[in-house]
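Trainee: Residue numbers (full-length UniProt numbering): 1 to 220. For every residue, glycine included, the Cβ atom is placed at its ideal position computed from N, Cα and C.
#1: Note down the Cα distance separating residue 129 from residue 174, rounded to an integer number of angstroms.
#2: Since residue 184 and residue 80 should fall inside the 8 angstroms C-beta cutoff, what is the C-beta to C-beta distance between them, to a whole number of angstroms?
#3: Determine whether the beta carbon atoms of residue 83 and residue 192 lie at a separation below 7 angstroms.
#4: I need the boundaries of the beta strand (DSSP E) containing residue 81, first residue and last residue.
#5: Where does residue 171 sit, in a helix, a strand or coil, going by DSSP?
#6: Run through the DSSP bridge pairs and tell me what residue 145 is partnered with.
#7: Roughly how many whole angstroms lie between the Cα atoms of residue 147 and residue 201?
#8: Assign residue 127 to one of three DSSP states: helix, strand, or coil.
#9: Look up residue 104 in the DSSP assignment and say whether it is helix, strand or coil.
#10: Report buried or exposed for residue 120, applying the criterion of at least 16 other Cβ atoms within 10 angstroms of its Cβ.
#11: Going by Cα to Cα distance, which pick from 101, 134 and 210 is closest to residue 177?
#12: DSSP three-state call for residue 176: helix, strand or coil?
#13: Please report the residue range of the alpha helix (DSSP H) in which residue 191 lies.
#14: Expressed to the nearest angstrom, what Euclidean distance is found between the alpha-carbon atoms of residue 127 and residue 114?
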């Protein structure tokens, strides 16, 4: 009887710990979205000359950018090019083009808990994946994946000091199945965004400036 009670106590403790961790992740996401909302509002007002006391135009704009509930909506400002290094052991020399580097279209998604790569993009890159079973939950339901690949990449953004210097990133990406109907080659989730906030802001701001200069907005 004592063993059963002890087991039940441990089970409740584990369940409470999981709930606590989940709540912490939700709070971090809320804080990130709040910071993003404030930054986008400031950028909009600065670029369009709207006074700080006037909130109509920024509010309308931000509702389209983030969605009525404050969540990210799939707009072009969060779609960028990532340059994947197919042979991470190679080090490009200044003034030389990296011989094994390929650009891929990526969505920076604050609502994603981890990074994803489409089945097609993974097949084209021909990289070895590690066995892994998991589930992606979305509005449309559930998507299974059964492999993980580690990618090394960089972005071209205003944070680079020159055209030949860049910040290298490396992280695991879960491979989506062929029937997932992925709209992007890759999706980078909130962990990278939080850990690389300055570069994320620079990338989004660059897209916002492009949207302002081009009435039709940046290419999708």
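Mentor: With the structure as the only source:
#1: 9 angstroms
#2: Going by Cβ atoms, the distance from residue 184 to residue 80 rounds to 10 angstroms, so no, they are not a contact pair.
#3: no
#4: 79-85
#5: strand
#6: 134
#7: 30 angstroms
#8: coil
#9: strand
#10: exposed
#11: 134
#12: coil
#13: 190-195
#14: 19 angstroms
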